[in-house]
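Novice:
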Amino acid sequence: MQKKSFSLNFNSPIFIRTVFIISFLLLHTQIFAHGDLSLRIEKKTEEIKQNPKDCNLYFQRGLLYQQHSEYKKSLTDYKKSQQLGNQENVLQYRIAEVNYLSEEYKVALKHIAFY
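Position 109 (the sequence shown) corresponds to 109 in the UniProt record's numbering; numbering is contiguous.
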């Protein structure tokens, strides 16, 4: 029994089409994931309007902003959550993480000490 050899033909129309489709799908996923976050932030904002004293809603929206790389807005929501009574360790961790991502290393170290 002979082994079949397999070689890729990079100039093949099938190969080029396959690469194009895979690339499109990967980019498509990233674009819609970003859009999905925007919709989720919008929805969370509406929930906050209904329950403006709920510290958990501000924490949740802060996390969404963080995932959206909007660190100033994220930090604002985390601090609001804290002002409304959220004293969980995970909040301190998230505040430290956002400060680190914002290159505020000394502030990040201060908050991680609480975690």
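Note that CB positions come from ideal geometry on N, CA and C, so glycine has one too.
Skipping 5 residues on each side, what residues in its chain have a beta carbon closer than 7 angstroms to that of Glu47?
Specialist: Against the sequence shown, residue 47 aligns to sequence position 47. For Glu47, where only same-chain residues beyond five positions count, the Cβ hits under 7 angstroms are Leu57.
Novice: Cα-Cα, which of Val107, Asn86, Leu64, Arg17 is closest to Ile41?
Specialist: For the purposes of this step, residue 41 is taken as residue 41 along the sequence shown, with counting starting at 1. Checking every option, the nearest Cα to that of Ile41 belongs to Leu64.
Novice: Would Ser81 and Cys55 be called neighbours here (beta carbons separated by less than 8 angstroms)?
Specialist: In the sequence shown, counting from the first residue as 1, residue 81 sits at position 81. In the sequence shown, counting from the first residue as 1, residue 55 sits at position 55. Yes. Within cutoff.
Novice: Can the beta-carbon of residue 154 be found closer than 8 angstroms to that of Leu37?
Specialist: The structure shown does not extend to residue 154, since the chain spans only 1 to 115, so no value can be given for it.
Novice: Taking the C-alpha atoms as reference points, what is the distance between Glu104 and Ile95?
Specialist: Mapped onto the sequence shown, residue 104 falls at position 104. Mapped onto the sequence shown, residue 95 falls at position 95. Each residue's alpha carbon lies about 11 angstroms from the other.
Novice: Would Tyr71 and Val98 qualify as a contact pair, given that the criterion is a beta-carbon distance under 8 angstroms?
Specialist: For the purposes of this step, residue 71 is taken as residue 71 along the sequence shown, with counting starting at 1. For the purposes of this step, residue 98 is taken as residue 98 along the sequence shown, with counting starting at 1. Yes, the pair counts as a contact, with Cβ atoms nearer than the cut-off.
Novice: Quick test of your reading: Lys49 and Leu84, contact by CB under 8 angstroms. State the CB separation rounded to the nearest angstrom.
Specialist: Here residue 49 is taken as the residue at index 49 of the sequence shown, counted from 1. Here residue 84 is taken as the residue at index 84 of the sequence shown, counted from 1. With a Cβ gap of about 15 angstroms, Lys49 and Leu84 do not count as contacting.
Novice: Between which two residues does the alpha helix (DSSP H) containing His111 stretch?
Specialist: By one-based count along the sequence shown, residue 111 stands at place 111. Unbroken alpha helix (DSSP H) run through His111: 105 to 112.
Novice: Helix or strand or just coil, what does DSSP make of Gly62?
Specialist: Within the sequence shown, numbered from 1, the residue matching residue 62 stands at position 62. Here Gly62 sits in helix by DSSP.
Novice: In terms of residues, what are the limits of the alpha helix (DSSP H) holding Gln87?
Specialist: Locating residue 87 in the sequence shown gives position 87, counting from the first residue. Counting along the chain, Gln87 falls outside any alpha helix (DSSP H), and DSSP gives it neither H nor E.
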